[in-house]
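Q: What the sequence shown shows, in this note's numbering, is residues 408 to 798, in sequence order.
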Amino acid sequence: MFIAVANVYLFRYQQNTNHRMYRVEISRIVYRMEEGQALKNIDLADYPDIVSVKPFVPGADERYDSMVEEVNGKLYRFSYREKNALQNLRVMNSIFGGILILTIGFLWGMGRKLVRPFVNIRNLPSELAKGNLTVPIPEEKSKFFGQFLWGMDMLREKLEEDRTRELALLRERKTLILSLSHDVKTPLSAIELYGKALKSGLYDTAEKQGAAVDGIEKNVAEIKDYVNAIVDASRNDVMSFEVKDGEVYLHAILKEIQTYYADRLKQMRTQFLVQEVENCLVRGDMDRIVEVFQNVMENAIKYSDGQSIAIAFAEEEDCKLVQVTNTGCGIGEEELPHLFDSFYRGSNSEKVAGSGLGLYICKELMHRMDGEIFAKMVDGGFQITVVLRKV
408 MFIAVANVYL
418 FRYQQNTNHR
428 MYRVEISRIV
438 YRMEEGQALK
448 NIDLADYPDI
458 VSVKPFVPGA
468 DERYDSMVEE
478 VNGKLYRFSY
488 REKNALQNLR
498 VMNSIFGGIL
508 ILTIGFLWGM
518 GRKLVRPFVN
528 IRNLPSELAK
538 GNLTVPIPEE
548 KSKFFGQFLW
558 GMDMLREKLE
568 EDRTRELALL
578 RERKTLILSL
588 SHDVKTPLSA
598 IELYGKALKS
608 GLYDTAEKQG
618 AAVDGIEKNV
628 AEIKDYVNAI
638 VDASRNDVMS
648 FEVKDGEVYL
658 HAILKEIQTY
668 YADRLKQMRT
678 QFLVQEVENC
688 LVRGDMDRIV
698 EVFQNVMENA
708 IKYSDGQSIA
718 IAFAEEEDCK
728 LVQVTNTGCG
738 IGEEELPHLF
748 DSFYRGSNSE
758 KVAGSGLGLY
768 ICKELMHRMD
778 GEIFAKMVDG
788 GFQITVVLRK
798 V
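1. Check whether the region 673-690 and the region 646-664 touch, using three or more Cβ-Cβ pairs below 8 Å as the test.
2. List in chain order: all unbroken alpha helix (DSSP H) runs of 4+ residues lying wholly within the region 683-730.
3. Checking the sheet assignment: what are the DSSP bridge partners for Thr734?
4. Leaving aside the five residues before and after Leu446 along the sequence, list all residues of the same chain whose C-beta is less than 7 Å from its C-beta, in chain order.
5. At the level of alpha carbons, what is the spacing between Val794 and Asp786?
6. Please classify Val478: does DSSP put it in a helix, a strand, or coil?
7. Does the separation of the CB atoms of Thr734 and Ala719 fall below 8 Å?
8. Would you mind working out which of Met428, Asp694, Ile664, Ile660 sits nearest Asp453, comparing C-alpha positions?
9. Which residue marks the beginning of the beta strand (DSSP E) containing Val680, and which one marks its end?
10. Going by DSSP, name the residue or residues bridged to Asp472.
11. Which residue spans inside the region 425-468 form an unbroken beta strand (DSSP E) run of at least 3?
12. Could you tell me how far apart the beta carbons of Ile623 and Val591 are, in whole angstroms, since I believe they sit closer than 8 Å?
13. Using CA coordinates, which residue listed in Ala597, Leu766, Phe789 is at the minimum distance from Glu779?
14. What number of angstroms, rounded off, separates the C-alpha of Leu521 from the C-alpha of Ile508?
15. Would Thr510 be called buried (16 or more neighbouring beta carbons within 10 Å of its own) or exposed?
16. Give the secondary structure of Lys581 by DSSP, where H, G and I count as helix, E and B as strand, and everything else as coil.
17. Between the Cα of Ala717 and those of Phe555, Thr666, Phe789, spot the shortest distance and give me the residue it belongs to.
18. Can you tell me whether DSSP reads Tyr610 as helix, strand or coil?
19. Would Ile506 be called buried (16 or more neighbouring beta carbons within 10 Å of its own) or exposed?
20. Kindly identify the DSSP beta-bridge partner or partners of Arg796.
21. Let me know the secondary structure DSSP gives Lys673 once reduced to three states.
22. Which same chain residues end up closer than 7 Å to Leu605 when comparing Cβ atoms and leaving out the 5 residues on each side of it in sequence?
23. With H, G and I counted as helix, E and B as strand and the rest as coil, what does DSSP make of Phe555?
24. Comparing alpha-carbon positions, which option in Glu649, Gly713, Gln730, Ser473 lies nearest Asp694?
25. Determine, using beta carbons only, whether Phe665 and Val681 come nearer to each other than 8 Å.
26. With distances taken from CA atoms, which of Ser501, Val498, Glu432, Ser586 is nearest Leu451?
27. Could you please give the first and the last residue of the uninterrupted alpha helix (DSSP H) stretch that includes Glu649?
28. Beta-carbon separation of Ala628 and Leu587 under 8 Å?
29. From Asp670 to Thr677, what does the alpha carbon distance come to, in whole angstroms?
30. Specify the secondary structure class of Tyr420 as computed by DSSP and reduced to three states.
31. Apart from the five residues just before and just after Tyr420, which ones in its own chain have a Cβ nearer than 7 Å to its Cβ?
32. Report the residue from Arg796, Lys783, Glu442, Arg430 whose alpha carbon sits nearest the alpha carbon of Ile457.
33. Quick one: is the Cβ of Ser711 within less than 7 Å of any heavy atom of the ligand FMN?
34. Rounded to whole angstroms, what is the Cα-Cα separation between Asp712 and Arg752?
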């Protein structure tokens with residue numbers, strides 16, 4: 408529609424313009440001749456629309472359009488060449504056509520590169536939410552979305568692995584609980600019988616009563632063993648994840664931590680200081696090391712007074728020590744040996760949500776990566792040191 412309107416407008420404009428231009432040029436030549444300039448001295452090259460100027464001869468053939476003007480009492484034929492408006496329109500339409508083709512090509516390419524990948528995965532979020540983790544993700548070579556789709560596929564595979572692992576652990580836990588529930592019935596029944604016998608006075612001598620008490624204690628110890636087995640199984644469930652052996656640059660770890668916590672602590676108006684340190688390679692799993700520092704940082708945020716959190720560094724033989732210090736602390740020296748025990752929560756945790764597993768997980772992860780983690784009190788605050796093995 409736009410091109411059609413433009414064609415009509417430009418056609419009319421060309422006609423009006425051409426009509427005006429050759430008449431203007433004829434008027435200029437007439438003026439010069441009336442001023443006394445000879446026709447032979449007028450250079451028609453200065454008048455692109457005028458072909459020739461000749462004395463008027465009635466009946467003479469003329470291949471061009473012409474008009475007759477009287478100059479100084481004589482008639483002259485002015486032949487002119489009128490520009491072809493249709494030719495100009497063809498050029499204009501060719502340009503419009505080229506632009507249209509380029510625009511269509513650009514939109515088609517953008518559709519392939521940007522729109523199609525989204526169309527291909529439009530059902531993926533809802534399928535993942537439903538628990539359908541086997542839905543395939545189509546490959547995409549686009550530099551814009553190839554990495555994104557690859558990451559989404561990794562997420563899907565990780566969720567599928569976690570669900571498979573969770574179901575396996577659930578089956579094992581149920582089997583264990585059923586087995587222990589059955590096994591614990593025997594000592595409970597024995598304790599019940601000893602209790603009834605003692606209550607009814609069946610054991611009338613001190614020797615028999617002592618033997619009954621010994622039997623009760625023995626069965627209680629057996630029940631404790633079963634309870635410890637359940638606790639150990641639960642603890643192993645919590646810690647049943649892989650740690651990959653590898654090497655990672657210290658600066659890469661710090662970048663991850665700073666990226667996540669710099670803005671967050673700024674919003675909390677907590678000063679966040681990170682000491683300058685020379686880059687080096689350390690041993691461990693990048694994801695698990697970052698997880699350790701995230702747990703340590705979350706611990707510092709929860710239990711600090713909100714003034715500042717600082718990360719500093721030290722060297723010790725073939726190890727790099729990373730020290731996370733927060734101001735403010737509400738625990739005593741006697742609690743330090745227990746901070747890394749499972750399900751242990753310090754005396755300053757009454758109003759803070761948590762499970763008591765964060766530092767325990769950190770300790771287990773660092774041990775699996777041949778590292779260490781420990782805590783100590785410092786002037787005006789609390790410090791956790793993460794020990795990483797250098798390559």
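All C-beta atoms in this analysis are idealised placements derived from N, C-alpha and C, irrespective of residue type, glycine included.
A: With the structure as the only source:
1. yes
2. 693-710
3. Gly788
4. Met440, Val460
5. 21 Å
6. strand
7. no
8. Met428
9. First, the residue type needs correcting, since residue 680 is Leu and not Val in the sequence shown. From DSSP, the beta strand (DSSP E) with Leu680 extends over 678-681.
10. Tyr487
11. 457-462
12. That pair is no contact at about 15 Å.
13. Leu766
14. 19 Å
15. exposed
16. helix
17. Phe789
18. coil
19. exposed
20. Cys726
21. helix
22. Gln616, Ala619
23. helix
24. Glu649
25. Note that residue 665 corresponds to Gln in the displayed sequence, not to Phe. Result yes, Cβ atoms of Gln665 and Val681 sit closer than 8 Å.
26. Glu432
27. Counting along the chain, Glu649 falls outside any alpha helix (DSSP H), and DSSP gives it neither H nor E.
28. no
29. 10 Å
30. Bear in mind that a pLDDT of 49 at Tyr420, under 50, signals an unreliable position, so the number given afterwards is only what the model happens to contain. Tyr420 falls in the helix class under three-state DSSP.
31. Bear in mind that the predicted position of Tyr420 carries a pLDDT of just 49, short of 50, making it unreliable; the figure below should be weighed with that in mind. Here the set comprises nothing.
32. Arg430
33. Absence of the ligand FMN is noted for the structure shown, with no ligands found whatsoever.
34. 18 Å
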